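Going by the numbering used here, the letters in the sequence shown line up with residues 2 to 254, in that order.
Cβ coordinates follow ideal geometry from the N, Cα and C atoms, glycine included.
Since the structure is predicted, the reported quantities are computational estimates derived from the model, not experimental observations.
Okay, structure first, notes after.
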Amino acid sequence: MPKPTPVTPDAPARIHTPLLTQEWLDLTFIHWAVAPDVVAGLLPEGTLPDTHDGLTYVGLVAFRMHRVGWLRLPGVPYLGTFPETNVRLYSVDAHGRRGVVFRSMDAARLIPVVMGRVGFRLPYLWSRMAVRTADDTVTYTSSRRWPGPRGAYSRITVRTGERISEPTELEHFLTARWGMHNAFFGGPQPLAYLPNHHPRWPLYRAELLTCEENLVTAAGLPAPSGAPVSVLYSPGVPVRLGRPARPAGIPTP
Numbered sequence: 002m003p004k005p006t007p008v009t010p011d012a013p014a015r016i017h018t019p020l021l022t023q024e025w026l027d028l029t030f031i032h033w034a035v036a037p038d039v040v041a042g043l044l045p046e047g048t049l050p051d052t053h054d055g056l057t058y059v060g061l062v063a064f065r066m067h068r069v070g071w072l073r074l075p076g077v078p079y080l081g082t083f084p085e086t087n088v089r090l091y092s093v094d095a096h097g098r099r100g101v102v103f104r105s106m107d108a109a110r111l112i113p114v115v116m117g118r119v120g121f122r123l124p125y126l127w128s129r130m131a132v133r134t135a136d137d138t139v140t141y142t143s144s145r146r147w148p149g150p151r152g153a154y155s156r157i158t159v160r161t162g163e164r165i166s167e168p169t170e171l172e173h174f175l176t177a178r179w180g181m182h183n184a185f186f187g188g189p190q191p192l193a194y195l196p197n198h199h200p201r202w203p204l205y206r207a208e209l210l211t212c213e214e215n216l217v218t219a220a221g222l223p224a225p226s227g228a229p230v231s232v233l234y235s236p237g238v239p240v241r242l243g244r245p246a247r248p249a250g251i252p253t254p
């Protein structure tokens, strides 16, 4: 593997013709550190765990997806707007591209779940979900409906704090991820990379008041041991997603 590209708080390249547009709003990022060999077998062939100071991370990210739209069309207000909670890992490929790998993506709209599973081969799951705000607290709840395991759930409450003027190297590593690795295509080399672009994250300190969940273990990972090493909040950003690039780095037609 070549040396990974530098971690940059700003997207390395603009996406002039997006495949999808959307907003990610009211995000809470919760992370636990793990040894790379704990997650290596859960990543797609052609990727390795991305590390910071010798460790990689398991992320639990809860947020509101807002007005998903195709190409340059306006975002859809109902079907394109829903709560989502992801379990994700951190990856790097043979081109040195850093990304994330989603182990599960719970979402509250059935049609987008089916489209994500069939059209993009992403691990979307239909769940009953809600995001509620009260003063400086945000609560995210989810209960899985289909395809299972039924009973997978989460209840997360955070209290937001002060804005972070200068995020640490680790905070950039965990949040400034400019693409995802996934097996979008069939064939002997299914790995592909889907880039994204958005403004620099506005990040805030957050206190984790409640974290009751089994989404991490349902995603095939060991149960988190101890308190998370990082809890962050962001009001959100507008996002553009590009076309998946095949293993050779060539965008799809």
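Notebook entry, point to check: Are the beta-carbon atoms of LEU108 and VAL114 separated by less than 8 Å?
Noted result: Sequence index remark: in the sequence shown, residue 108 carries index 107 (1-based). Sequence index remark: in the sequence shown, residue 114 carries index 113 (1-based). According to the sequence provided, residue 108 is Ala. The question's Leu does not apply to it. Yes.
Margin query: I'd like to know whether the C-beta atoms of LEU21 and VAL69 end up nearer to each other than 8 Å.
Written below: Here residue 21 refers to the residue found at position 20 when the sequence shown is read from its first residue. Here residue 69 refers to the residue found at position 68 when the sequence shown is read from its first residue. Contact flag set, yes.
Checklist line | Cβ-Cβ separation, TYR205 to ILE157 (assumed contact under 8 Å), whole Å | finding: The sequence position of residue 157 within the sequence shown is 156, counting from 1. The sequence position of residue 205 within the sequence shown is 204, counting from 1. Taking a contact as a CB-CB distance under 8 Å, the pair ILE157 and TYR205 does not count as one, their CB atoms being some 15 Å apart.
Margin query: Check for me: the alpha helix (DSSP H) holding ARG89 runs from which residue to which?
Written below: As a working mapping, residue 89 is identified with position 88 in the sequence shown. Note, ARG89: premise wrong, no alpha helix (DSSP H); beta strand (DSSP E) at 83-94.
Next item on the list: Pick helix, strand or coil for THR253, following the three-state DSSP scheme.
Entry: To locate residue 253, count along the sequence shown from 1; it is residue 252. Unreliable placement is indicated for THR253, whose pLDDT of 43 sits below 50; no coordinate value is reported for it.
Notebook entry, point to check: For GLU214, which residues from the same chain have a beta carbon less than 8 Å from its beta carbon, with the 5 sequence-adjacent residues on both sides left out?
Noted result: As a first step, residue 214 is located in the sequence shown; it is residue number 213 there, counting from the start. Listed in chain order, the non-local C-beta contacts of GLU214 below 8 Å within the same chain comprise LEU61, TYR154, SER155, ARG156, ILE157, local neighbours out to five positions each way being set aside.
Item checked: In chain order, each beta strand (DSSP E) run of at least 3 residues that lies wholly inside the segment 158-218 -> Within the segment 158-218, the complete beta strand (DSSP E) runs of at least 3 residues are 180-183, 193-198, 205-214.
Notebook entry, point to check: Under the DSSP definition of a beta bridge, which residues are partnered with PHE30?
Noted result: Within the sequence shown, numbered from 1, the residue matching residue 30 stands at position 29. Answer is VAL62, LEU233, bridged to PHE30.
Notebook entry, point to check: Looking at VAL40 and LEU171, is the spacing between their C-beta atoms short of 8 Å?
Noted result: Translated into positions along the sequence shown, residue 171 becomes position 170. Translated into positions along the sequence shown, residue 40 becomes position 39. No; because the gap between Cβ atoms is not below 8 Å, this pair is not in contact.
Margin query: With distance defined between alpha-carbon atoms, name the residue in VAL132, TRP179, ALA193 nearest to LEU28.
Written below: Looking up residue 28 in the sequence shown gives position 27. For the residues VAL132, TRP179, ALA193, the minimum Cα distance to LEU28 belongs to VAL132.
Note to self: Quick check: what's the CA-CA separation for ASP1 versus SER144?
What the structure shows: Residue 1 is absent from the model: the chain starts at 2 and stops at 254.
Notebook entry, point to check: Can you tell which of ALA224, PRO203, THR211, PRO229 has its C-alpha closest to the C-alpha of PRO239?
Noted result: For this step, residue 239 is matched to residue 238 along the sequence shown. Residue PRO203 is the option with its Cα nearest to PRO239.
Check: Under a three-way DSSP split, which group does ASP38 fall into?
Finding: Translated into positions along the sequence shown, residue 38 becomes position 37. Note: ASP38 maps to helix in three-state DSSP.
Notebook entry, point to check: Secondary structure at GLY70, three-state DSSP: helix, strand or coil?
Noted result: On the sequence shown, residue 70 is found 69 positions in, with the first residue counted as 1. The three-state secondary structure of GLY70, taken from DSSP, is strand.
Notebook entry, point to check: So what does DSSP say about PRO113, is it helix, strand or coil?
Noted result: Locating residue 113 in the sequence shown gives position 112, counting from the first residue. Look at PRO113 here: in three-state DSSP terms it is helix.
Next item on the list: For THR82, collect the residues of the same chain with a Cβ closer than 7 Å to its Cβ; drop the 5 residues on either side in sequence, then sort them by chain order.
Entry: The residue you call residue 82 lines up with position 81 of the sequence shown. Excluding residues within five positions, the ones whose Cβ falls inside 7 Å are MET66, HIS67, ARG68.
Checklist line | Simplified DSSP state of VAL77, which is helix, strand or coil | finding: Counting from 1 along the sequence shown, the entry for residue 77 is found at position 76. Looking at VAL77 - three-state DSSP - the assignment turns out to be coil, as it is neither helix nor strand.
Margin query: By alpha-carbon positions, which one of ASP38, LEU209, GLY227, GLU24 ends up nearest to LEU90?
Written below: Position 89 of the sequence shown, counted from the first residue, corresponds to residue 90. Among ASP38, LEU209, GLY227, GLU24, the Cα nearest to that of LEU90 is on ASP38.
Check: If you draw a straight line from the alpha carbon of PRO148 to that of TRP25, how long is it in whole angstroms?
Finding: For this step, residue 148 is matched to residue 147 along the sequence shown. For this step, residue 25 is matched to residue 24 along the sequence shown. Those two C-alpha atoms are separated by around 24 Å.
Check: Do you know whose CA, among THR18, PRO168, GLY180, lies nearest ARG73's CA?
Finding: Within the sequence shown, numbered from 1, the residue matching residue 73 stands at position 72. ARG73 has its Cα closest to that of THR18, out of THR18, PRO168, GLY180.
Next item on the list: Find the nearest neighbour of HIS173 within the set LEU233, HIS182, ASP136, judged by alpha-carbon distance.
Entry: Within the sequence shown, numbered from 1, the residue matching residue 173 stands at position 172. Minimum Cα distance to HIS173 is reached at LEU233.
Note to self: Using a 10 Å radius around the Cβ and a threshold of 16 neighbouring Cβ atoms, would you call GLY180 buried or exposed?
What the structure shows: Working through the sequence shown from its first residue, we reach residue 180 at position 179. Buried is the call here.
Next item on the list: Kindly indicate which residue of ALA95, PRO168, ILE31, PRO10 has the alpha-carbon position closest to the one of PRO45.
Entry: Sequence index remark: in the sequence shown, residue 45 carries index 44 (1-based). For PRO45, the nearest C-alpha among the options comes from ALA95.
Next item on the list: Under 8 Å by Cβ, that's how I've got VAL119 and VAL217 pegged, so tell me the actual separation to the nearest angstrom.
Entry: As a working mapping, residue 119 is identified with position 118 in the sequence shown. As a working mapping, residue 217 is identified with position 216 in the sequence shown. Contact between VAL119 and VAL217 is ruled out by a C-beta separation of about 25 Å, above the 8 Å threshold.
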